[in-house]
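Reviewing the structure listed below.
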Amino acid sequence: MTIEKMLATRVVTAVKECYGVEMNEKEVQLQETRKEFAGDWTVVVFPFTRYSRKSPEATAAELGDYLQRHIVEIKEYNVIKGFLNLTIAPAYWIGVLNEVAGEERYGYAGRGERQGERQGERERKRYMIEYSSPNTNKPLHLGHIRNNFLGWSVSEILRANGHEVIMVNLVNDRGIHICKSMIAWKKFSGGATPESAGKKGDHFVGDYYVRFDREYKAQVEELVKSGLPEEEAKENAPVLLEAREMLRLWEAGDPATIALWRQMNDWVLQGFEETYRLMGVSFDKIYFESETYKKGRELVLKGLADGVLYRKENGSVWADLTGDGLDHKLLLRDDGTSVYMTQDIGTAHDRFNEFDVDEEIYVVGNEQNYHFQVLSLICEKLGFEWARKIKHLSYGMVELPEGRMKSREGTVVDADDLIAEMIETARATSRELGKLDGYSEEEAGEVYRKVALGALKYFILKVDPKKTMMFNPRESIDFNGNTGPFIQYTYARVRSLERKAREAGITPRPADLLSPLTGKEQDLVKLIARLPAVVAEAGANYSPALLANYAYDLAKEFNQFYHDYPILKEENETARNTRLLLAIQCGKAIRNAAGMLGIEMPERM
RNA sequence: GGUCCGGUAGCUCAGUUGGAUAGAGCAACAGCCUUCUAAGCUGUGGGUCGCGCGUUCGAACCGCGCCCGGAUCACCA
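In our numbering, the protein residues as written are 4 to 608.
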């Protein structure tokens, strides 16, 4: 039982003893005492004044007196207005420090022996999380980066909470967009391949997608010049017709078309694989839309037969959602084919059947909020009990200082380019500061990669997912202040300290209960002790941002601590040992918190 | 127009179930490298928490109304 919970329970008892009123533990407002006041935990007593019928100060004093007499851990108390500040005995903090030191994977609910007791009332759930979901016609960009980092981090956080997570990717590999690349490749490549062009497959194919667009625009312009109305020109440009014909051939199973489609998709997917590896994300299962796009039709037809859906005169099938304050939604076209929504109903159905997950999380941009609202609503109407288990982890757009990214204006930030640029900056900065002298080129390269990715991940994950965020390339590449590299740097310092201590023959052992902690040391212990609560909260809210900001607080606090206490020069052996132990636990907490964000920690930087 | 989401320092962002004098970083200025890593530390300046009303001991946070910005409302995915 945490001390926080214990205090809350005892406050309830105190109120009962003093005023004879039974109240709920949840009504007790317990918070960490603000730094400018003496004490560790603060009870807000304003709500109790209606029981005591006394002034807030008198009530606080009365309760404080009771608590101090009945709880050994409470050393003293003070009252400021309606706030009762309780000071915990120093020995308690030593106990907390030793407890943290005894845990291998501190902060993780894990799967180990301790899980049962630690997790207690929390149940272990199975989640499926779908993220990334790229189109196979162009390389990944900044928007995908936010998606991938979020998906990965939330998965890690859920796992850290002791849950099972299945990570999946739904690749959109069919449709007119990929046909456009195919047409352009056929017409303009002269049989080139990524190898012959010396390009990553996704970039290679993406170039043909762009090439198609250029050709298309030129043709439209020409048609307009020859007197065609613009609308008509856009519909009848020869390359577009070719692309449509290709889509028809694809759906008809034309062998040559299918072969080319396979070839181009393979190129792209190989390129993606490399980018995923760079980003440090992976999947347990990859779905391809070409294999799922017909799903859902039967479910919709059944819904139609059950009278949940209706058919229009032209044969198309719709859901009437006006009763829920929404519109009518198309589910089957008049030619009987599926639309996006239909597919999603089908794949969701299959997934719940196959994996029996407790929750399915879709990491998808907020431009699809409406889609997911409708999806779970329709599934509910169709009578699926899993409808409520669908969860949309919606995130905002990433904007540039110049405004939104627009592919047609060439303002899209390419994922590979961005990462390469950040690695280069990390290398240059590190060299300039003479940071990794003595490291081999290979070892140093590994550090640059970790630092660059750490900077990028932290920059993106520290922002609340649902908010539109500003991505300023210059700031994201910064390594000072509230950044990923600052956190990594702090960890590297802890490791360095550990090495130096070992070289000096100092081995950290459990802290001595007789050793009193200074205020700063206590603050650090308190902060470290908060990690499990932060992990739980981040898990409940799917919020890497909470952990990111916590990791930063921890790193900042440690840096101040580190600056003030010359640990290895400390004469007093007990004090030196306690501080060394504290530093190491702090490093562990930082590493674990950052690990849930997907940020790797270099041993030295 | 309907629905959803945002608005906190010059800029980028935090801010636990309502709690004490609203916090970081960047940028600016002033200090600190005989010291376990200066990718660091210390200090100064910078706020009508979009606006108004309400709820209450207490509101950045809750409710109502407005203003501004974004997304979405396709026989596209």
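Ideal Cβ positions, reconstructed from N, Cα and C, are used throughout, including at glycine.
Around the C-beta of K297, fewer than 16 other C-beta atoms lie within 10 Å, and the residue is accordingly described as exposed. When the beta-carbon positions are compared, I132 and F358 stay at least 8 Å from each other.
The count of Cβ pairs closer than 8 Å, one atom from the stretch 384-399 and one from the stretch 411-420, stays below three, leaving the stretches out of contact.
For the pair L272 and G204, the Cα-to-Cα distance works out to about 7 Å. Within the model, the alpha-carbon separation for H352 versus E254 is close to 24 Å. As the crow flies, the alpha-carbon of E198 is around 47 Å from that of E540.
Assignment of M131 by DSSP, reduced to helix, strand and coil, places it in the strand class. Taking a cut-off of 8 Å on C-beta distances, the stretch 579-588 does not touch the stretch 140-151, as fewer than three cross pairs fall below it. Note: E35 is bridge-paired with W44 in the DSSP secondary-structure output. When Cβ pairs closer than 8 Å are counted between the two stretches, the stretch 435-443 is seen not to touch the stretch 365-373, the count staying below three.
No Cβ-Cβ contact shorter than 8 Å links I593 with G457. Y54 places its beta carbon 8 Å or farther from that of E76. Counting C-beta atoms within 10 angstroms of its own C-beta, V24 has fewer than 16 neighbours from the protein chains shown and is therefore classed as exposed. Scanning its chain for C-beta atoms nearer than 6 Å, with the 5 sequence neighbours on each side dropped, one finds around A92 the residues E76, K78, in chain order.
Within a 10 Å sphere around the beta-carbon of Q563 sit fewer than 16 other beta-carbons, which makes this residue exposed.
Using a Cβ-Cβ distance cut-off of 8 Å, the stretch 175-190 and the stretch 239-259 are in contact, since at least three pairs of beta carbons, one from each stretch, lie closer than that value. Less than 8 Å divides the Cβ of T345 from the Cβ of V303. If you draw a 10 Å sphere on the C-beta of F207, you find 16 or more other C-beta atoms in it, and that means buried.
By the criterion of at least three beta-carbon pairs nearer than 8 Å, the stretch 548-555 is in contact with the stretch 478-496.
CA-to-CA, the gap between L403 and N140 works out to about 23 Å. Close CB contacts of V227 within its chain, under the 6 Å cut and outside five residues either way in sequence, are with E233, A236 (chain order). Within the stretch 182-216, the runs of alpha helix (DSSP H) at least 4 residues long that lie entirely inside it are, in chain order, 197-200.
If the five residues before and after F375 are omitted, its C-beta is found closer than 6 Å to the C-beta atoms of H395, all from its own chain and listed in chain order. Around the C-beta of R502, fewer than 16 other C-beta atoms lie within 10 Å, and the residue is accordingly described as exposed. A residue is called buried when at least 16 other Cβ atoms come within 10 angstroms of its Cβ; D417 meets this threshold and is buried. The Cβ atoms of L324 and K315 lie no closer than 8 Å to each other.
In the DSSP assignment, W96 falls within the unbroken alpha helix (DSSP H) covering 93-104.
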